[in-house]
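> Using the numbering used here, you'd call the opening residue of the sequence shown number 519 and step up by one each time.
Input: one structure, supplied below.
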Amino acid sequence: MDKDQQSLEDIFRIDEATQMEVSVFLPQAKSILEDPKTFKDAYTFKDADGRIREKVNPGYLARKLLHEVRGDNEFLKKIVEIYLNCPSEGFVAANAIASMTPGDDVYFIGVFERLDKLRETTQRYKFSGYGIGIARDEGNLFRISLKNLADFESRLKGKPSRDSLESVYVDLVNAMNEARKNWSPLELGIEEFLGHPEVVVELNNKFVKRFASSLEKYGLKERAEELRNYNKTQLKQAEANIRLRQESSDHWHERAAAMNKITDQKYLKDVVSAVPNDFEFGYESPQAIAVSKINDPSFLEEILKTKKDVYIIRSAIGSLTNTKLLESYANSTDDECDQHNPSLISREERGEAADKSEYRDAARERLQELGLGKLIKEPTFPEIYQRASKMDPKRRREIPGWNIIASLNKKLGFGFDSNRLRIGVDKQDIVIYYRTKEEKSKEVYININPDYIATKASREIGTGKETTETYTLKHT
Numbered sequence: 519m520d521k522d523q524q525s526l527e528d529i530f531r532i533d534e535a536t537q538m539e540v541s542v543f544l545p546q547a548k549s550i551l552e553d554p555k556t557f558k559d560a561y562t563f564k565d566a567d568g569r570i571r572e573k574v575n576p577g578y579l580a581r582k583l584l585h586e587v588r589g590d591n592e593f594l595k596k597i598v599e600i601y602l603n604c605p606s607e608g609f610v611a612a613n614a615i616a617s618m619t620p621g622d623d624v625y626f627i628g629v630f631e632r633l634d635k636l637r638e639t640t641q642r643y644k645f646s647g648y649g650i651g652i653a654r655d656e657g658n659l660f661r662i663s664l665k666n667l668a669d670f671e672s673r674l675k676g677k678p679s680r681d682s683l684e685s686v687y688v689d690l691v692n693a694m695n696e697a698r699k700n701w702s703p704l705e706l707g708i709e710e711f712l713g714h715p716e717v718v719v720e721l722n723n724k725f726v727k728r729f730a731s732s733l734e735k736y737g738l739k740e741r742a743e744e745l746r747n748y749n750k751t752q753l754k755q756a757e758a759n760i761r762l763r764q765e766s767s768d769h770w771h772e773r774a775a776a777m778n779k780i781t782d783q784k785y786l787k788d789v790v791s792a793v794p795n796d797f798e799f800g801y802e803s804p805q806a807i808a809v810s811k812i813n814d815p816s817f818l819e820e821i822l823k824t825k826k827d828v829y830i831i832r833s834a835i836g837s838l839t840n841t842k843l844l845e846s847y848a849n850s851t852d853d854e855c856d857q858h859n860p861s862l863i864s865r866e867e868r869g870e871a872a873d874k875s876e877y878r879d880a881a882r883e884r885l886q887e888l889g890l891g892k893l894i895k896e897p898t899f900p901e902i903y904q905r906a907s908k909m910d911p912k913r914r915r916e917i918p919g920w921n922i923i924a925s926l927n928k929k930l931g932f933g934f935d936s937n938r939l940r941i942g943v944d945k946q947d948i949v950i951y952y953r954t955k956e957e958k959s960k961e962v963y964i965n966i967n968p969d970y971i972a973t974k975a976s977r978e979i980g981t982g983k984e985t986t987e988t989y990t991l992k993h994t
């Protein structure tokens, strides 16, 4: 009997040793998808001990089955209704949405807004471990105290004027904002912290009471009230931010798929505008996906000025048409984009450097898309050498711009393979270790000295036989 004509009952009897072929199920795609139990039976089996095991990745099976019915929006809508809040593997609803043809904004917006009200009932895999840590950790709110509070207390002694009190208040708020930006997890005994926490700066109650009274005494009643409510306001906003991260991560795959299908520009802008400016998701949120669908250059440029979330900004850069702006991001220097640069001390500085690296990558990709790769100013070999020679010898990590070394020496036949390359530093020399696809039996390294003299050594694995060649590199 032909496989395509087998009954579902026969197909499901395929044991582990048979290595079931997904193609067997494709002719019955609709009937398998319409019943979550039948779908689950298609990718699982019972082993000899009676344990339920997977014989194929459920996500892969879902995509293959849905590929057979792609474009049939009415049937796919039915599948979405069945699986939208169904605790099954394979993200069937998300894959069904992705298989639909776009154009029905009313439907896709409706699905997206329904998902806003649905909370996940299972602990299934979402997107990345990093994203889960940011979005799902309800304990990512930290209270810290202002270190230089004594300085402000000293400024309130004597007989302050109205202007001096106003000045103290403004400086105090600025100090609290700086404390939030530059908080140190290590100070709180946290050895490793992943995510974007909500940090609340708490003030001594006696100080608040005394300062507020002075502000009221000199007619600054609004300032006094703001000061009294400052901690309450911070907590309220922090809790709202945490809730936004969590809600945005629930049904992430479905939300992302729906957002990718929406073309209504006003709706997309409203979704992005609703994100607080001073807020970070810490992962690619549906809001960041919305940015990538917006085609209004002025709106995108405004996002760069107002929003803080790295993924939202990166999406905006990836859709820009302003070549001068793209060029400014694309040509950020390696030092500016290196969060490990020893000259960067504060947590904020290091974070900004890492962000700049993301923005540079996005701008370069966009310029390449626009056919303007010539605007990207790659560093010269001497610049790369100077940067590399100052690196800590213990830091065995890739040097930004190493591809220029490859292009400068392409004619010399070094044959760099980016997947097999690593660069280190030995005293003042740059050492490049790599294996070529053609020379799997050889270990190759290149030593480059301050005079740009390169020595290429090839060592045969096993025999230890070594050959050496010397080259003079270009200085430009």
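Ideal placement from N, C-alpha and C gives every residue a C-beta, glycine not left out.
With C-beta atoms as the reference, is Leu843 less than 7 Å away from Ala834?
Stepping through the sequence shown from its first residue, residue 843 is reached at position 325. Stepping through the sequence shown from its first residue, residue 834 is reached at position 316. Not in contact: Leu843 and Ala834 (Cβ atoms no closer than 7 Å).
> Specify, as a first and last residue, the run of the alpha helix (DSSP H) that Ile760 falls within.
For the purposes of this step, residue 760 is identified with residue 242 of the sequence shown, where counting begins at 1. Note, Ile760: alpha helix (DSSP H), Lys739 to Ser767.
> Cβ of Pro804 within 7 Å of Cβ of Ala774?
The residue you call residue 804 lines up with position 286 of the sequence shown. The residue you call residue 774 lines up with position 256 of the sequence shown. Closer than 7 Å, so yes.
> Does the distance from the C-beta atom of Gly608 to that of Pro576 stay below 7 Å?
Residue numbering aside, residue 608 sits at position 90 when the sequence shown is read from its first letter. Residue numbering aside, residue 576 sits at position 58 when the sequence shown is read from its first letter. It is a contact, given that the beta carbons lie within the stated cut-off.
> Can you look up Ala848 in the DSSP assignment and give me helix, strand or coil?
Counting from one through the sequence shown, the residue named residue 848 turns up at place 330. In the structure shown, Ala848 sits in a helix (DSSP, three-state: H, G or I).
> Between which two residues does the beta strand (DSSP E) holding Arg661 run?
By one-based count along the sequence shown, residue 661 stands at place 143. Note, Arg661: beta strand (DSSP E), Leu659 to Ser663.
> Do the stretch 670-687 and the stretch 849-869 make contact, defined as three or more Cβ pairs closer than 8 Å?
At 8 Å Cβ cutoff, the stretches do not touch.
> Tell me whether Arg569 sits in a helix, a strand or coil according to DSSP, three-state version.
Here the question's residue 569 lines up with position 51 in the sequence shown. Here Arg569 sits in coil by DSSP.
> Does the Cβ of Tyr847 have 16 or more other Cβ atoms within 10 Å, making it buried, or fewer, making it exposed?
By 1-based counting over the sequence shown, the position of residue 847 is 329. Classification of Tyr847: buried, given that the 10 Å Cβ count is 16 or more.
> Going straight from the alpha carbon of Ala742 to that of Ile807, what length do you get?
Position 224 of the sequence shown, counting from 1, holds the residue named residue 742. Position 289 of the sequence shown, counting from 1, holds the residue named residue 807. Spanning the two alpha carbons is a distance of roughly 41 Å.
> May I have the straight-line CA-CA distance separating Val610 from Thr824, to the nearest angstrom?
As a first step, residue 610 is located in the sequence shown; it is residue number 92 there, counting from the start. As a first step, residue 824 is located in the sequence shown; it is residue number 306 there, counting from the start. If I take the Cα positions, the gap works out to 36 Å.
> To the nearest angstrom, report how far apart Ser810 and Leu551 are at their CA atoms.
Residue 810 sits at position 292 when you count from the first residue of the sequence shown. Residue 551 sits at position 33 when you count from the first residue of the sequence shown. When rounded, the distance between both Cα atoms is 31 Å.
> State the DSSP-derived secondary structure class of Ser864, mapped to helix, strand or coil.
As a first step, residue 864 is located in the sequence shown; it is residue number 346 there, counting from the start. Residue state, collapsed to three classes: coil.
> Under the DSSP definition of a beta bridge, which residues are partnered with Val691?
Counting from 1 along the sequence shown, the entry for residue 691 is found at position 173. Beta-bridge pairing links Val691 to no other residue.
> Using DSSP with H/G/I as helix, E/B as strand and the rest coil, what is Ile976?
Counting from one through the sequence shown, the residue named residue 976 turns up at place 458. Note that residue 976 is Ser in the sequence shown, not Ile. Note: Ser976 maps to strand in three-state DSSP.
> Name the two residues that bound the continuous alpha helix (DSSP H) containing Thr556.
If you number the sequence shown from 1, residue 556 lands on position 38. Residues Pro554 to Tyr561.
> Could you compute how far the alpha carbon of Glu696 sits from the alpha carbon of Ile863?
Residue numbering aside, residue 696 sits at position 178 when the sequence shown is read from its first letter. Residue numbering aside, residue 863 sits at position 345 when the sequence shown is read from its first letter. Distance between the alpha carbons of Glu696 and Ile863: 14 Å.
> What would DSSP say about Val719, mapped onto helix, strand or coil?
Reading the sequence shown from its first residue, position 201 is the one you call residue 719. Val719: strand per DSSP, three-state reduction.
> Taking Leu786 and Leu818 to be in contact with their CB atoms under 8 Å, please state how far apart those CB atoms are, rounded to whole angstroms.
Numbered from 1 along the sequence shown, position 268 holds the residue referred to as residue 786. Numbered from 1 along the sequence shown, position 300 holds the residue referred to as residue 818. In fact, because the Cβ distance is near 11 Å, the residues do not count as touching under 8 Å.
> When you compare each of Thr973, Val789, Arg832 and Ala792 to Gly800 by their alpha carbons, which one comes out closest?
Within the sequence shown, the letter at position 282 stands for residue 800. The shortest C-alpha separation from Gly800 is found at Arg832.
> With DSSP as the reference, label Thr990 as helix, strand or coil.
Counting from one through the sequence shown, the residue named residue 990 turns up at place 472. Of the three classes helix, strand and coil, the one that applies to Thr990 here is strand, per DSSP.
> Asn1049 by DSSP, collapsed to three states: which one?
Since the first residue shown for the chain is 519 and the last is 994, residue 1049 is missing from the structure and cannot be characterised.
> By a C-beta neighbour count over all protein chains shown, 10 Å radius and 16 as the cutoff for buried, is Pro715 buried or exposed?
Residue 715 sits at position 197 when you count from the first residue of the sequence shown. Buried, because 16 or more other Cβ atoms sit within 10 Å of the Cβ of Pro715.
> When DSSP labels each residue in this structure, what does Thr985 get in the three-state scheme?
Reading the sequence shown from its first residue, position 467 is the one you call residue 985. Three-state result, Thr985: strand.
> I'd like to check one pair, Ala975 with Tyr989: are the Cβ atoms closer than 7 Å?
On the sequence shown, position 471 is the one that residue 989 refers to. On the sequence shown, position 457 is the one that residue 975 refers to. No; because the gap between Cβ atoms is not below 7 Å, this pair is not in contact.
> Since I believe Lys582 is in contact with Val540 (beta carbons under 8 Å), could you give me their beta-carbon distance rounded to a whole number of angstroms?
By 1-based counting over the sequence shown, the position of residue 540 is 22. By 1-based counting over the sequence shown, the position of residue 582 is 64. Indeed they touch by this definition, with Cβ atoms about 5 Å apart.
> Check whether the stretch 589-606 touches the stretch 745-759, counting contact only when three or more Cβ pairs, one atom from each stretch, lie closer than 8 Å.
They do not touch, by the three-pair rule.
> So for Ile812, helix, strand or coil by DSSP?
As a first step, residue 812 is located in the sequence shown; it is residue number 294 there, counting from the start. DSSP places Ile812 in coil when its eight states are reduced to three.
> Please work out which residues of its chain come closer than 8 Å, Cβ to Cβ, to Asp796, disregarding the five sequence neighbours upstream and downstream, and give them in chain order.
Looking up residue 796 in the sequence shown gives position 278. Taken in chain order, the residues that qualify are Lys826.
> Tell me the rounded alpha-carbon separation between Asp879 and Phe725.
By 1-based counting over the sequence shown, the position of residue 879 is 361. By 1-based counting over the sequence shown, the position of residue 725 is 207. C-alpha separation (whole angstroms): 47 Å.
> Determine whether the beta carbon atoms of Ile760 and Trp701 lie at a separation below 7 Å.
Within the sequence shown, numbered from 1, the residue matching residue 760 stands at position 242. Within the sequence shown, numbered from 1, the residue matching residue 701 stands at position 183. Not in contact: Ile760 and Trp701 (Cβ atoms no closer than 7 Å).
> With which residues is Lys564 paired in a DSSP beta bridge?
Residue mapping note: residue 564 aligns to position 46 of the sequence shown, counting from 1. Looking at the DSSP assignment, Lys564 forms a beta bridge with Ile570.
> Below 8 Å CB to CB, which residues in the same chain sit around Ser679 once its five sequence neighbours on both sides are set aside?
Translated into positions along the sequence shown, residue 679 becomes position 161. Around Ser679: Tyr736.
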